[in-house]
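In what follows, a structure is listed as structure tokens, so that the remarks can point back to it.
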Amino acid sequence: MRIALVYPPTCDPTAPYLAVPMLTGFLRANGVEVLPVDANVEAFDALLTQDRMAGLLDRLEARLGELDRRAALPHADQLEYLALARARGDAHAVPGAVEGAKAALRSADAFYDPDAYARAVATIEAALGVVSATHHPLKLDFTAYRTPFGLMSMDEIARSSRPEHDPFDAWVQQVLVPRLRDARADVVGLSVCFPGQLQPAYAFARKIKEALPSVHVTCGGPGVTQLLLRLSGERLARALGPFDSACLFEGEHTLLALARALDEGRPLRDVPNVVARDRLMGARWTPGHGMEDLKALPAPDFDGLPSGAYLAPTLVLPYDPTRGCYWGKCTFCHYGLAEVGTAAYRERAVETIVAHLGALAARHGTRHFYLSQDSVAPKTLVKMSQAILDAGLDVRWATDLKPEKYLTRERADVLRRAGAVACALGVESASPRVLGLIDKGAPVEVVSDVIDHLASAGVAAEAMCFTDFPTETHAEAVATLDFLRERREALAVYIVGEFGLTHGSLVAQAPERFGIDEVFELEGDELGLGLFFVPRAPWKTDAERADVDERLADLSRGWTLRSYPWAGAVSTAHTILQYDRFGPGVFRERAARRAEGGVPGATALERGLRFDPRAAE
1 MRIALVYPPT CDPTAPYLAV PMLTGFLRAN GVEVLPVDAN VEAFDALLTQ DRMAGLLDRL
61 EARLGELDRR AALPHADQLE YLALARARGD AHAVPGAVEG AKAALRSADA FYDPDAYARA
121 VATIEAALGV VSATHHPLKL DFTAYRTPFG LMSMDEIARS SRPEHDPFDA WVQQVLVPRL
181 RDARADVVGL SVCFPGQLQP AYAFARKIKE ALPSVHVTCG GPGVTQLLLR LSGERLARAL
241 GPFDSACLFE GEHTLLALAR ALDEGRPLRD VPNVVARDRL MGARWTPGHG MEDLKALPAP
301 DFDGLPSGAY LAPTLVLPYD PTRGCYWGKC TFCHYGLAEV GTAAYRERAV ETIVAHLGAL
361 AARHGTRHFY LSQDSVAPKT LVKMSQAILD AGLDVRWATD LKPEKYLTRE RADVLRRAGA
421 VACALGVESA SPRVLGLIDK GAPVEVVSDV IDHLASAGVA AEAMCFTDFP TETHAEAVAT
481 LDFLRERREA LAVYIVGEFG LTHGSLVAQA PERFGIDEVF ELEGDELGLG LFFVPRAPWK
541 TDAERADVDE RLADLSRGWT LRSYPWAGAV STAHTILQYD RFGPGVFRER AARRAEGGVP
601 GATALERGLR FDPRAAE
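Position one of the sequence shown corresponds to residue 1 (the UniProt record's numbering), numbered consecutively onward.
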């Protein structure tokens with residue numbers, strides 16, 4: 001039995017993600033031949049080339065010329081015209097610059113030069129803008145694959161999978177399918193961890209099945225589980241789309257059981273946590289134990305992944321010392337009510353963690369790790385750090401962390417001496433009332449102390465916050481921004497997002513407790529991915545929301561912040577590497593002198609067009 005594990009776009013291309021290596025390690029330990037494919041980094045690498053960008057320039061000019069010759073344009077075509085016109089200048093500059101931008105991000109010299117780094121990031125982002133404009137109405141970046149009505153229906157998903165709409169089509173047809181054929185894969189599993197991977201995963205599966213109809217194509221991961229768990233019958237069968245099956249919850253034993261059932265010719269309906277088609281019900285699955293014994297699992301296996309393709313000068317490997325959440329009470333999170341599945345907190349033995357980190361560092365020639373988990377108990381983190389020190393292991397690492405008063409100044413120092421470069425803290429809000437509604441279990445005073453303890457120890461303290469939790473007032477939102485501003489000298493970077501309602505969260509299950517009158521899905525949304533709500537009364541006026549936005553923009557001037565996955569964003573490989581080279585204050589220090597960014601040679605090319613795109617601004 002040969003299994004190919006494919007990690008599809010769109011995700012962070014600066015480092016490998018943990019899902020495929022974890023499955024690979026387990027399957028190989030059980031005698032299964034595995035072909036791991038990081039299709040995310042490979043497909044983006046193939047897309048961001050001089051030849052592909054030159055082809056997209058021709059495509060842009062042809063389509064723009066076609067629209068420009070028309071006497072009038074309907075609204076949809078006006079939007080496309082505007083996107084093409086705005087991307088035109090970049091489209092002419094990017095082909096000659098994109099290869100150099102990728103090389104700079106992989107260079108041990110250019111990566112750490114602020115101006116060279118800024119130019120490289122600007123070029124890559126401009127290239128993605130050109131891809132988006134030439135595949136209008138697609139919006140593509142390293143976190144999302146969006147169209148206005150994408151993932152609303154299976155018909156829309158199929159339409160978006162057509163070659164003319166899919167920027168990854170050439171790579172799938174010319175690289176992935178031949179590789180799977182040559183490997184004689186019996187099963188292809190697509191690992192879907194994030195919403196931005198769903199449309200590409202469906203497209204990949206459709207093309208693989210068309211080219212290799214005898215191959216069993218399955219899918220799994222959090223993105224798939226959270227989607228399919230709420231569906232049943234014919235709606236579930238329709239959501240499977242081109243997939244032959246789907247694996248719910250954690251996938252190690254489920255995928256192995258699926259492969260063995262296929263090998264032995266047994267029906268999939270008997271395999272727990274596998275969604276399979278059913279002639280009577282459309283599709284069904286038998287619930288089973290969805291959580292792995294983490295202590296019994298091997299280390300992630302990265303062998304076979306293209307280590308040189310990632311957009312970073314040094315490999316930053318993810319590792320999971322824990323799974324699940326030890327708190328499990330936050331009302332905005334679906335873990336809070338999850339009595340089945342993957343919410344229960346589990347840890348590896350500390351000695352196992354240290355042994356795994358040492359072996360991975362030696363095998364892959366890196367000392368940089370990101371501890372990739374939902375939560376880790378500070379007590380365990382301190383024990384792990386002491387074990388690293390006792391073993392004399394030279395590593396650098398970062399993690400996400402719930403602020404706890406256990407993390408004293410002395411314990412923060414233990415983390416630093418063991419190689420900690422950053423801890424991203426779930427601050428959420430600086431309003432005691434809002435924190436009470438969230439049930440965070442981390443008072444503002446404790447959060448402030450933990451930030452100070454980490455900063456004093458020389459560990460970058462990162463803050464993760466959001467506004468607009470139900471019933472949050474303008475004053476409470478401002479309090480969060482003021483909290484960040486007052487701690488500028490201690491905070492390395494921060495992020496302030498906006499609340500989004502999540503299926504399975506307590507807010508969604510009991511909206512009346514949070515000032516919400518109605519929770520609803522859009523009519524015609526076959527997959528039910530979007531969840532919306534109507535507040536009992538407005539919590540902020542439009543003017544107050546605008547004021548929060550202005551204050552947030554003003555706050556950001558104190559740091560050099562960037563969007564994910566670049567340096568200056570929370571919990572990214574690039575940010576970790578910059579901390580290790582320059583220290584936790586690097587993004588505050590660079591705010592005083594903004595790097596010289598921009599795409600080399602790019603100028604606006606909107607003149608000479610029949611319609612004026614500037615009129616839309």
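Cβ coordinates follow ideal geometry from the N, Cα and C atoms, glycine included.
Check whether residue i and residue j have beta carbons under 8 Å apart
| i | j | result |
| --- | --- | --- |
| T572 | T14 | yes |
| F533 | I516 | yes |
| A299 | G25 | yes |
| V376 | L415 | no |
| A412 | L371 | no |
| H216 | D182 | no |
| V98 | P306 | no |
| M1 | A205 | no |
| L255 | A283 | no |
| S153 | G524 | yes |
| V110 | A118 | Checking the sequence, you will find Ala at residue 110 rather than Val. Not in contact: A110 and A118 (Cβ atoms no closer than 8 Å). |
Beta-bridge partners of residue i, as assigned by DSSP
| i | result |
| --- | --- |
| K139 | R146 |
| E428 | C465 |
| W397 | F369, A420 |
| G530 | According to DSSP, which records beta bridges pairwise, G530 is partnered with nothing at all. |
| V34 | I3 |
| S153 | DSSP lists no partner for S153. |
| L317 | F369 |
| L491 | A461 |
| F520 | F532 |
| R323 | R346 |
Closest Cα partner of residue i within the set the options
| i | options | result |
| --- | --- | --- |
| R230 | S556, F142, A569, G504 | G504 |
| A76 | G328, T147, V350, I208 | T147 |
| A391 | G500, G419, A553, E250 | G419 |
| T471 | G65, A309, P538 | P538 |
| P313 | G288, Y112, T502 | Y112 |
| V131 | S160, D182, L48, S107 | L48 |
| E486 | V507, A463, F44 | A463 |
| A398 | M384, Y406, E404 | M384 |
| P137 | E125, A120, V121, E156 | E156 |
| A344 | C325, H334, C333 | C325 |
| E410 | T225, Q78, D115, D452 | D452 |
| A296 | R593, D12, N30 | N30 |
| G220 | L64, D320, A201, R52 | A201 |
| Q386 | H368, E351, F369 | E351 |
| R545 | A492, G528, H368, F469 | F469 |
| P195 | D400, L23, V224 | V224 |
| D320 | K405, R593, R70, A349 | A349 |
| E210 | G530, Q199, V172 | V172 |
| V446 | C330, A237, K402, P318 | K402 |
| P600 | E61, L393, G100, A461 | G100 |
| residue 618 | W285, L577, H334 | Any answer about residue 618 is impossible in this case: the structure gives the chain only from 1 up to 617. |
| P36 | V444, D394, F302 | F302 |
| Y17 | D400, D554, F369, L529 | F369 |
Buried/exposed call for residue i, threshold 16 Cβ in 10 Å
| i | result |
| --- | --- |
| residue 668 | No information on residue 668 is available, as it lies outside the stretch 1 to 617 that the chain covers here. |
| R184 | exposed |
| T342 | Caution applies to T342, whose pLDDT of 46 falls short of 50 and renders its modelled position unreliable; the value that the coordinates give is listed next. Classification of T342: buried, given that the 10 Å Cβ count is 16 or more. |
| V20 | buried |
| F168 | buried |
| F610 | It should be pointed out that residue 610 corresponds to Arg in this sequence rather than to Phe. With fewer than 16 Cβ atoms within 10 Å of its Cβ, R610 is classed as exposed. |
| R162 | exposed |
| G379 | In the sequence as presented, Gly is not what sits at residue 379; that position holds Lys. K379 is exposed by the Cβ-count criterion. |
| V421 | buried |
| A475 | exposed |
| D549 | exposed |
| Y494 | buried |
| M53 | buried |
| D38 | buried |
| P9 | buried |
| V340 | Because V340 sits at a pLDDT of 45, beneath the cut-off of 50, its placement in the model cannot be relied upon, and the following sentence gives the value as read from the coordinates. By the 10 Å Cβ count, V340 comes out exposed. |
Contact with chain D by residue i, beta-carbon distance below 8 Å
| i | result |
| --- | --- |
| R184 | In the structure shown, chain D cannot be found, because there is only a single protein chain. |
> Can at least three beta-carbon pairs, one atom from the segment 566 to 586 and one from the segment 356 to 366, be found at a separation below 8 Å?
Replying inline: Touching, no.
> Do the segment 173 to 183 and the segment 56 to 74 make contact, defined as three or more Cβ pairs closer than 8 Å?
Replying inline: Flag = no, the segment 173 to 183 and the segment 56 to 74 do not touch.
> Can you find at least 3 beta carbon pairs, one from the segment 575 to 593 and one from the segment 427 to 439, that sit closer than 8 Å?
Replying inline: Of all C-beta pairs linking the segment 575 to 593 to the segment 427 to 439, fewer than three are shorter than 8 Å, placing the two stretches out of contact.
>> Assess contact between the segment 186 to 197 and the segment 5 to 20, defined as three or more Cβ pairs (one per stretch) separated by less than 8 Å. Is contact present?
In response: Touching, yes.
> If we count Cβ pairs, one from each stretch, closer than 8 Å, do we get three or more for the segment 240 to 253 versus the segment 269 to 279?
Replying inline: Proximity of the segment 240 to 253 to the segment 269 to 279 meets the contact definition, three or more beta-carbon pairs being nearer than 8 Å.
> Is it true that the segment 135 to 144 meets the segment 92 to 106, where meeting means three or more beta-carbon pairs spaced less than 8 Å apart?
Replying inline: Too few Cβ pairs lie closer than 8 Å, so no.
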